[in-house]
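**Student:** Sequential numbering of the sequence shown, starting at 191, is according to this note's numbering. What follows is a single structure, and I will ask about it in a moment.
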Amino acid sequence: MANGTREGGAGESFRAGLRRLGELHRVRLAGSPSLSVLARAAGVRSKSTVSAWLDGDRMPNDVEHLLGVVRKLREQASALEQAIPAVDQELLQPAWWRERYTELAGARNHATGLAVQSAQAARAVERYDAESRRAALPDLPRPVADWHPGGLGVHPAVPGTAGAPGGTTGAASTEFTLPTHVTDFVLPTYVPRDHDRHLRHRLRRAALGQDPALVLVLGESCTGKTRTAYEAVRGCLPDWDLVFPKDSDSLLGLLDAGLARPRTVLWLDEGQNFLARERGEEGAAQLRRLLERPQPIVVLMTMWREHHRALTAQPDAPGKDPHPQARALLTQAIGFRVPAAFSPDALRDISGTRDPSLAVASLASRDGTLTQTLAAGPQLVEYYEAADGSPACYGKAVLTAAMDARRLGHGPALPDRFLEAAAPAYLNETQRAGAAADWFAGALDHGRHRIKGVVAPLGEVAAAGGMGARPGQRRLADYLDQYGRLARSYVCPGAPFWEAAERFAADAADLYELANSARRRGRYAVADTLFRRAAERGHAPAWTAMASLRETRGCREEAVELIWKGHDAGDSTALLDLVTWHEEDGDVEAVRRLVPEIIGTGHPEALLFVAEGKELAGSEYEVERLAKAAAELGWAAALTFLGRRRMLAGELRAAARYFRTAVAAGDHHAAFELARMRLVDEDDVPGAVAAAYQGAELGDFFVLGTMAQLVMSVDPAEGERMARNAAALGGLSPARMVNLSFWEYMGRQQGLAVLADHAEATDGAGAGEAILRAAADEGDMHAMAWLAQRQRDFGDPVEAERLYEQAAEGGHAPALLSLARIRREAGHVSEAERLCRVAVDAGEPSAVGELAQTWEAAGMPERAGSLMVHGLDADGEPALPWLPSRPEHDTSQGIHAVKGWIQIRHGRAIEQDEPDEQDEPNER
């Protein structure tokens, strides 16, 4: 121990001497000579170096430099009439300092030897710890050949009759049956399609190269995504290892342990479960770092297109970006789309096989949807829908609870206790009264029944180690999950579901997502309760969400308190909401007082927020510094901001560099800025077109549609192509254009508008409407609604109403509100109320306001006002007051009075300007 402290003792003694020398200079010598003179005597450039020596903060690298200072101070001391005390005389002797420096050097040499030994021991300990961590990990790499397809998530297929010939059609179809039970894992002959060839070409390149690759296989449920990926890896990377983490914790653990080694496939089946859940952003950031290292490794991810759109959607409000890391990660991916149906050529290839499963599927499938039939998807739905009588109704109730839980935001692992407590929401009084004591066990048996021996509606959840199942948890079959999202999109579950969520949701992230779904459906008190439970379980953004609920209802004091709770709990963007409120109030001073706290979070979005508010940053230099700091932390929007500044300053080349870097990092706004700059400032049409397509690749088809309109004036053919591609949304089937993201919706609308205007100009009147009608006929409900609005504008309300009804029946929730307004204006208030209620249950954002207006039009102002403040209860009826009583919550005068009170209260908060209250946030 004494040896280990030698360097520290000698070093501290030397520093003490330096501090004594500094005291002598300041006190005895009155600061003379100056630090600049001493720096010249020492032969160093900066006087701050000498100052640091004399304060004992820094050690001189060469004793001769220090001796120059000592000699200069001795000259000054000898010129003084007052003698220097004997105790300080040694400080002015070069020999004394040489001796002290020699002692320090010896101690350092000794310490260096100990440090080497210590480092060697530390490395040994680190190796041991790393091996221990690896041994403790539940999911470890294994050779690709050792993996069974079922272990990687490949669905087994329905079997055909053994020995039945493939390719039989017509009357011979009676030779095939679908057995009700099999025990073997059936994997039919694989028939490669176009996407397979492209995917395998990419994996062969990875096998021969030295660079990482992120490969994304996209498709709907039961279209063969996982089988596609499995066959490609088995065929192209047979001598590699493969590791399959089962959850986010396992993924982070294996990345921390360095198990994603060269020539390894990191298999992330159903990638949304790793990126959209708790710790998803942490996992995405780790994967981005992994892909930055030059090594032959493949990260292979499968994902539904719906989840891909959600994860890559651009935020439409500042401070509300839940997935920046996931979006940046997926931007790097090389995507391969698996179509829902087999093409005619692929079907002909199947007819040449003698696989009985394929033969059965080809006979039973419509429209070429073989993979769904092979996975027994249609039979799953039939099994679910047919379970109306007792005791099957209890199994159906549990399955419906699982479907609602998934579509409303719960993760894939569904606790049994949640399903059991939620099931009464889907049973009538007679069914509940007639339930046996073991009804839930029977319901689980119903859910575990394997359809055609292939798949059960409720499956087990694999244990983290890959062997066995997690007790007390179930997983809904993918096909039923997707079916529920469409079939039940207009339904909001009742009170037992929300009470079960509060008590038994798996984790805080599940509570938070379910709370958001309740809020969108006007269940504000339910949402508040779930947000609070999530916050109490450690989900910091839930505090901020609770604050937002209160602030929009006039409870500013409680909202501010909750914002600070969120900030203290770790929500780095919570204060941005508070800034926005102060800005809306015009309280600039309150905003400025928050700036140091916001910058102190170190969150890149917060830094950029301050930079964008130039008056908050305080100077141009600070604007640049904050924006560059945000960019260095990986915030792509900061690069776009810096690019705009360069563009406005006329520095186009520098602006282009920033924009290109931002696009590569995933910011679609940069693609638009780059495209516009290329076209308007540089007359570079090809460059503008290329940048617009980059924006589309990032999910912003509005960039493509907008640039199509501009390009049309200089190159009509190219402009038309761009508009068609914008409207096509990357090949998405029109029938699936229901729940589009904001930028998809805007891109589709802009693309169709450009095409319609072009058709009107070139082909005459009516040609534009024909474009919209063709899109509607293909199943695009957005186009159907636009066409309806067009008919209404042109004075044909009957046709408009018919088209709105079709759009609503097709799942386009905004059409419900358009219909409600038509019915309300016609005096059919009860029908308008019914339509508004359906829209509320569907989560349509403006539906609560429309319902309130409908009630007010029906002569119920107090009910309307209460709805705007307190919302609906869990069963969809007007909620009892749940917020602290406020004057602005006097609902007797209707919704307009409520809004006015809230605005007045916000204004008074500014006028009162109480210093103590305003100082409180800074004190926190």
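Just so it is clear, CB atoms sit at the ideal spot from N, CA and C, and this is done for glycine as well.
Identify every residue that forms a DSSP beta bridge with V488.
**Tutor:** DSSP output for V488 lists A403 and V455 as bridge partner(s).
**Student:** By how many angstroms is the C-alpha of L609 removed from the C-alpha of L701?
**Tutor:** The straight-line gap from Cα to Cα measures roughly 15 Å.
**Student:** Cα-Cα, which of I487, Y574, L766 and A780 is closest to Y673?
**Tutor:** It is Y574 whose Cα lies nearest to the Cα of Y673.
**Student:** Closest to P596 by C-alpha separation, out of L648, R1027, L214 and A633, would be which residue?
**Tutor:** Here residue 596 turns out to be Arg, not Pro, going by the sequence shown. Residue L648 is the option with its Cα nearest to R596.
**Student:** Under 6 Å Cβ to Cβ from P369, same chain only, skipping five residues before and after it: list those, please.
**Tutor:** For P369, the predicted structure reports a pLDDT of 33, less than 50, and the residue's modelled location is therefore unreliable. A value from the coordinates is still provided. For P369, where only same-chain residues beyond five positions count, there are no Cβ hits under 6 Å.
**Student:** Name the one or two DSSP bridge partners that L1062 has.
**Tutor:** P1068.
**Student:** Which residues in the same chain as G470 place their Cβ atom closer than 7 Å to its Cβ, once the five residues preceding and following it in sequence are excluded?
**Tutor:** Result list for G470: S438, F464 and A516, in chain order.
**Student:** Grouping DSSP H, G and I as helix and E and B as strand, with all else coil, what is F464?
**Tutor:** Helix.
**Student:** Does DSSP put F526 in a helix, in a strand, or in coil?
**Tutor:** It is a strand residue.
**Student:** Whose C-beta lies closer than 7 Å to the C-beta of A419 among residues of the same chain, with five residues either side of it excluded?
**Tutor:** Counting only Cβ-Cβ distances below 7 Å, and skipping sequence neighbours, we find V407, L490 and T492.
**Student:** Which residue from I274, P786 and G824 puts its Cα closest to that of E812?
**Tutor:** E812 has its Cα closest to that of P786, out of I274, P786 and G824.
**Student:** Exposed or buried, V944, counting other C-beta atoms within 10 Å across all chains shown (16 or more means buried)?
**Tutor:** That one is buried.
**Student:** Got a sec? Which residues, its chain only, sit under 7 Å from L219 by beta carbon, not counting five neighbours each side?
**Tutor:** Once the five neighbours on either side are set aside, the close Cβ partners of L219 are L263, Q266 and A267.
**Student:** Cβ of P378 versus every heavy atom of the ligand ATP: is any distance shorter than 8 Å?
**Tutor:** Questions concerning the ligand ATP fall outside what the structure shown contains, since it holds no ligand whatsoever.
**Student:** Touch check for the segment 254 to 262 and the segment 227 to 236: three-plus C-beta pairs under 8 Å?
**Tutor:** Judged by Cβ distances under 8 Å, the segment 254 to 262 makes contact with the segment 227 to 236, as three or more pairs qualify.
**Student:** So the candidates are S903, H636 and R866; which of them puts its Cα closest to the Cα of V893?
**Tutor:** Nearest option by C-alpha distance: R866.
**Student:** So if DSSP puts A1016 in a beta bridge, which residue, or which two residues, is it bridged to?
**Tutor:** The partner list for A1016 (beta bridge, DSSP) is empty, contrary to what the question assumes.
**Student:** My guess is that L598 and L670 are in contact by the Cβ rule of under 8 Å, so how many angstroms apart are they, rounded?
**Tutor:** Not a contact, Cβ separation roughly 15 Å.
**Student:** The beta strand (DSSP E) with A475 in it runs from where to where?
**Tutor:** First-last for A475: G470 to E482, but that is the alpha helix (DSSP H), not the beta strand (DSSP E).
**Student:** Bridge partners of M897, per DSSP?
**Tutor:** None; M897 has no bridge partner.
**Student:** When DSSP labels each residue in this structure, what does L408 get in the three-state scheme?
**Tutor:** Strand at L408.
**Student:** Please report the straight-line C-alpha distance between I788 and L458, rounded to a whole angstrom.
**Tutor:** Approximately 36 Å between the Cα atoms of the pair.
**Student:** In whole angstroms, what separates the C-alpha of Q981 from that of A955?
**Tutor:** Distance between the alpha carbons of Q981 and A955 is about 15 Å.
**Student:** Give the DSSP-derived three-state secondary structure of R664 in the structure shown.
**Tutor:** DSSP places R664 in strand when its eight states are reduced to three.
**Student:** If you draw a straight line from the C-alpha of A677 to the C-alpha of P1051, how long is it?
**Tutor:** Roughly 34 Å separates the two Cα atoms.
**Student:** Can you find the residues in the same chain that come closer than 7 Å, C-beta to C-beta, to E995, ignoring five residues on each side of it along the sequence?
**Tutor:** Cβ within range, chain order: L1009.
**Student:** Pick from E692, H388, E795 and R538: whose alpha carbon is nearest that of I524?
**Tutor:** Closest by alpha carbon: H388.
**Student:** If you follow the beta strand (DSSP E) that A1037 is in, where does it begin and where does it stop?
**Tutor:** Element bounds for A1037: not the beta strand (DSSP E) but the alpha helix (DSSP H), A1037 to A1047.
**Student:** Give me the DSSP bridge partner(s) of L228.
**Tutor:** Answer is none; L228 lacks a bridge partner.
**Student:** One question on the structure: do A715 and D1063 come within less than 9 Å of each other, judged by their Cβ atoms?
**Tutor:** Yes, the pair counts as a contact, with Cβ atoms nearer than the cut-off.
**Student:** Among residues of its own chain, excluding the 5 on either side of A860, which ones have a beta-carbon nearer than 6 Å to its beta-carbon?
**Tutor:** Same-chain partners within the cutoff: T830, F849, A852 and V853.
**Student:** For E814, name the three-state secondary structure that DSSP assigns.
**Tutor:** Helix.
**Student:** Quick check on C432: does DSSP put it in helix, strand or coil?
**Tutor:** The sequence shown places Leu at residue 432, not Cys. Of the three classes helix, strand and coil, the one that applies to L432 here is strand, per DSSP.
**Student:** Taking A1186 and Q663 to be in contact with their CB atoms under 8 Å, please state how far apart those CB atoms are, rounded to whole angstroms.
**Tutor:** Past the edges of the chain, shown from 191 to 1114, lies residue 1186, and the structure says nothing about it.
**Student:** From the DSSP output, in three-state form, read off V253 for me.
**Tutor:** Here V253 sits in helix by DSSP.
**Student:** CA-CA distance, D429 and A335?
**Tutor:** Approximately 8 Å between the Cα atoms of the pair.
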